[in-house]
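Here's the structure we're looking at; comments come further down.
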Amino acid sequence: MTPHTPVGRPLRPQGKLLQEDARRHHRSLLLQQLFREGPASRADLARASGLTRVTVSDLVGEMVADGLVTELGAPAESRVGKPPTLVGLAADSSHVIALDLSETDRMTGAVVNLAGTVLSHHTVHVDGAVGEEAVRLVVELATALRAMTDRPVLGIGVGSPGIVDSAGTVVDAPNLAWTDLPLAARLDAELDLPVYVANDANTAVLGEHTFGDSGDGGLMVIRVGTGVGAGLVVGGSLLHGHLGAAGEIGHVVVDPSGDPCACSRTGCLETVLSAPRLRRRTSAPGVDGAAVLAAVGTRLGEVLAPIVAVLNLHEVVLSGPTELLDGPLLDAADRTIRERTMPISSAGLTVRTSKLGEDVVVVGAAVLVLAGELGVS
1 MTPHTPVGRP LRPQGKLLQE DARRHHRSLL LQQLFREGPA SRADLARASG
51 LTRVTVSDLV GEMVADGLVT ELGAPAESRV GKPPTLVGLA ADSSHVIALD
101 LSETDRMTGA VVNLAGTVLS HHTVHVDGAV GEEAVRLVVE LATALRAMTD
151 RPVLGIGVGS PGIVDSAGTV VDAPNLAWTD LPLAARLDAE LDLPVYVAND
201 ANTAVLGEHT FGDSGDGGLM VIRVGTGVGA GLVVGGSLLH GHLGAAGEIG
251 HVVVDPSGDP CACSRTGCLE TVLSAPRLRR RTSAPGVDGA AVLAAVGTRL
301 GEVLAPIVAV LNLHEVVLSG PTELLDGPLL DAADRTIRER TMPISSAGLT
351 VRTSKLGEDV VVVGAAVLVL AGELGVS
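Under this note's numbering, the first residue of the sequence shown is numbered 1, with each subsequent residue one higher.
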């Protein structure tokens, strides 16, 4: 039997359980336990979930028949007597199609298994496509990825730029000229699969929370690309905010006399922290690139300090080009946060770059599907 390590951390379940959903809820409890802790016996699952052994045995049998769970045999260290039979999540029983639409020049997707492992990638180039042409490219990308797996597809997860509502409608994504676009419904109609769409920064924080090297406290992921956004998991739950716009720190004004921003304001954080701006400023002739990055890191730390203090965050993670973020910028942001908050607020705080690298959005998009279809994430 191959040794198994825990594959993910679930989000805390929300909402009141309806009676008709009890069986699905109980099944989700067992899947969450296997997802978080790895293989277990039916007796272990009963103890951990609080369900009866009869209920657990029935549900495990159902999940084995569905291919989601597999029998692994007895543990190597079995004691005297009849050894228990372990069951574990069948990571490759189904696959997820995950899309990252956050870059302006390309759309990237991946086939991801139930353990969050990226199995294959595919990219389509945007070449200035917007509106319906951009929607066509999303469908083309998802269709190509579907053809790259021979396993049942559990669903499609999408990390999109802009404001996205709970129904998967892109309310506003200026870079793609999308307004009130029902992207989830459009993809569902084209591919006949369950579709989940969220803002790319929110999918990034879900990926980091579930499959990254994050702790148990509050987590904030700052997504640095063409734009700048953030996602937050606090108390085990994704923070949406009023109108779903939580995390829009890219459009906090940091320099009223600075450069014009795409949002029509002047001197937003995005105008100094976005990847294209950083590259342009650090590559200018005669410029000390390290000093530029450190100055931007200080500005970022000034923006993040009150957020860290208010939410008492445990981790702040920067996601984007590591050659820009990891080093002087990260060090300056970390130092500034600590200088501007009480010691109790920053005690134990970790400020780092993402361990998931460029896959953080697609892995998070897969989490959307795992949560929606299996109740685990």
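C-beta atoms are modelled at their ideal positions from N, C-alpha and C, and glycine is treated no differently.
Identify which residue in Ala-144, Pro-194, His-125 and Val-205 has its Cα closest to the Cα of Gly-320.
The residue given as residue 320 occupies position 320 in the sequence shown. The shortest CA-to-CA distance from Gly-320 to any of Ala-144, Pro-194, His-125 and Val-205 is the one to Val-205.
Under the three-state DSSP convention, the category Asp-127 falls into:
As a first step, residue 127 is located in the sequence shown; it is residue number 127 there, counting from the start. Correct three-state label for Asp-127: coil.
Since Leu-45 and Leu-30 are thought to touch, with beta carbons under 8 Å apart, how far apart are those beta carbons, to the nearest angstrom?
Stepping through the sequence shown from its first residue, residue 45 is reached at position 45. Stepping through the sequence shown from its first residue, residue 30 is reached at position 30. Going by Cβ atoms, the distance from Leu-45 to Leu-30 rounds to 5 Å, so yes, they are a contact pair.
With distances taken Cα to Cα, identify the nearest neighbour of Leu-311 among Ser-264, Met-107, Asp-165 and Gly-236.
Here residue 311 refers to the residue found at position 311 when the sequence shown is read from its first residue. Taking each of Ser-264, Met-107, Asp-165 and Gly-236 in turn and checking the Cα distance to Leu-311, the smallest one comes out for Gly-236.
So for Val-197, helix, strand or coil by DSSP?
On the sequence shown, residue 197 is found 197 positions in, with the first residue counted as 1. Reduced to three states, the DSSP call for Val-197 is strand.
Does the separation of the CB atoms of Arg-265 and Val-252 fall below 7 Å?
Here the question's residue 265 lines up with position 265 in the sequence shown. Here the question's residue 252 lines up with position 252 in the sequence shown. Result no, Cβ atoms of Arg-265 and Val-252 do not sit closer than 7 Å.
CA-to-CA distance, Val-69 to Ala-184, given in whole angstroms
In the sequence shown, residue 184 corresponds to position 184, counting from 1. In the sequence shown, residue 69 corresponds to position 69, counting from 1. Taking the straight line from one Cα to the other gives about 28 Å.
Host beta strand (DSSP E) of His-95 (start-end):
Residue numbering aside, residue 95 sits at position 95 when the sequence shown is read from its first letter. From DSSP, the beta strand (DSSP E) with His-95 extends over 95 to 100.
Between the alpha carbons of Gly-375 and Gly-217, how many angstroms are there, rounded?
Residue numbering aside, residue 375 sits at position 375 when the sequence shown is read from its first letter. Residue numbering aside, residue 217 sits at position 217 when the sequence shown is read from its first letter. The alpha-carbon atoms of Gly-375 and Gly-217 are separated by roughly 21 Å.
On the DSSP letters alone, give me the boundaries of the beta strand (DSSP E) that Asp-172 sits inside.
The count along the sequence shown starts at 1 and reaches residue 172 at position 172. Looking at the DSSP string, the run of the beta strand (DSSP E) that includes Asp-172 is 170 to 173.
Going by Cα to Cα distance, which pick from Asn-202, Arg-106 and Gly-241 is closest to Thr-123?
Position 123 of the sequence shown, counted from the first residue, corresponds to residue 123. When each option's Cα is compared against that of Thr-123, the closest is Arg-106.
Which residue from Leu-273, Ala-245 and Arg-335 puts its Cα closest to that of Gly-258?
Along the sequence shown, read from residue 1 onward, the residue named residue 258 stands at position 258. Of Leu-273, Ala-245 and Arg-335, the residue nearest in Cα terms is Leu-273.
For the beta strand (DSSP E) that Val-221 lies in, which residues bound it at each end?
For this step, residue 221 is matched to residue 221 along the sequence shown. Element bounds for Val-221: 219 to 224.
Pairwise C-alpha distance: Ile-156 and Ala-290:
Mapped onto the sequence shown, residue 290 falls at position 290. Mapped onto the sequence shown, residue 156 falls at position 156. Pairing Ala-290 with Ile-156, the inter-Cα distance amounts to about 40 Å.
Burial state of Leu-243 (16 or more Cβ within 10 Å)
Along the sequence shown, one-based indexing puts residue 243 at 243. It counts as exposed.
Quick check on the burial criterion: 16 or more other C-beta atoms within 10 angstroms. Buried or exposed for Thr-52?
By 1-based counting over the sequence shown, the position of residue 52 is 52. Counting Cβ neighbours within 10 Å, Thr-52 comes out exposed, since fewer than 16 surround it.
Mapping the DSSP letters down to three states, classify Arg-24 as helix, strand or coil.
As a first step, residue 24 is located in the sequence shown; it is residue number 24 there, counting from the start. Looking at Arg-24 - three-state DSSP - the assignment turns out to be helix.
Assign Val-287 to one of two classes, buried (16 or more other C-beta atoms within 10 Å of its C-beta) or exposed (fewer than that).
Along the sequence shown, one-based indexing puts residue 287 at 287. When all chains shown are included, Val-287 counts as exposed.
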